[in-house]
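One structure is given here, and the rest of the page talks about it.
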Amino acid sequence: MGLEQTQEKIDVREGIVHSAIRPEELARLSDDIIAALKTVYDPEIPADIFELGLIYKIDIEDDRMVKIDMTLTAPGCPVAGEMPGWVENAVGTVEGISGVEVSMTFDPPWTPDRMSEEAQVALGWY
């Protein structure tokens, strides 16, 4: 019995996300998606939804479908029904993606700790 037959091979890359999209293309898509998200503002707060920390997760699948998990500053937000559509429309303009799916979640609830320094400065919370 050779060494290969007696030892199980261990993949040290386990847990790393592999993509069929070339790394440089994935980087461009990621940058363009974030830029698109930064065009969407909560109408009651003078900061974009990305800097506010309302975007919890962005997945770019191998078929170039973009899946976004997001939240709102409060479940009773007056634009709760409209905001996912705004996000879909903004990200849908990114060249090279096949579509956008936005899921709304309130778990974990949003807190001001999620805001970037840029958003904190814009709101005078520094």
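Note that the sequence shown ends on residue 126 in the UniProt record's numbering; no numbers are left out.
Think of the CB as a built atom: it goes at the ideal place given N, C-alpha and C, for glycine as much as any other residue.
Burial state of residue i (16 or more Cβ within 10 Å)
i	result
Met65	exposed
Trp125	exposed
Val94	buried
Ala20	exposed
Enclosing beta strand (DSSP E) for residue i [first to last residue]
i	result
Glu44	Where Glu44 is concerned, there is no enclosing beta strand (DSSP E), given that its DSSP letter is neither H nor E.
Asp31	That residue, Asp31, is in no beta strand (DSSP E); its alpha helix (DSSP H) goes Pro23 to Leu37.
Ile49	Counting along the chain, Ile49 falls outside any beta strand (DSSP E), and DSSP gives it neither H nor E.
Range covered by the alpha helix (DSSP H) that runs through residue i
i	result
Val121	Glu117 to Leu123
Local conformation of residue i per DSSP, three classes
i	result
Gln5	Legend: pLDDT at Gln5 = 48, less than 50; position of this residue unreliable, value from coordinates given subsequently. Three-state DSSP puts Gln5 in a helix.
Val91	helix
Asp113	helix
One or two residues paired with residue i in a DSSP bridge
i	result
Val79	Note: Val79 sits in no beta bridge, so no partner.
Gly99	Met65
Asp59	Lys67
Nearest candidate by alpha-carbon position, reference residue i, set the options
i	options	result
Trp110	Ala27, Arg22, Ile68 and Thr73	Thr73
Met115	Met83, Ile68, Ile49 and Ala27	Ile49
Glu101	Pro112, Asn89 and Asp107	Asn89
Asp107	Glu51, Ile55 and Ser19	Ile55
Tyr41	Pro112, Glu82, Met104 and Ser103	Glu82
Pro43	Val121, Gly92 and Ala80	Ala80
Asp63	Gly99, Pro23 and Ala119	Gly99
Lys57	Asp113, Ser30 and Gln120	Ser30
Asp59	Ile97, Pro75 and Pro112	Ile97
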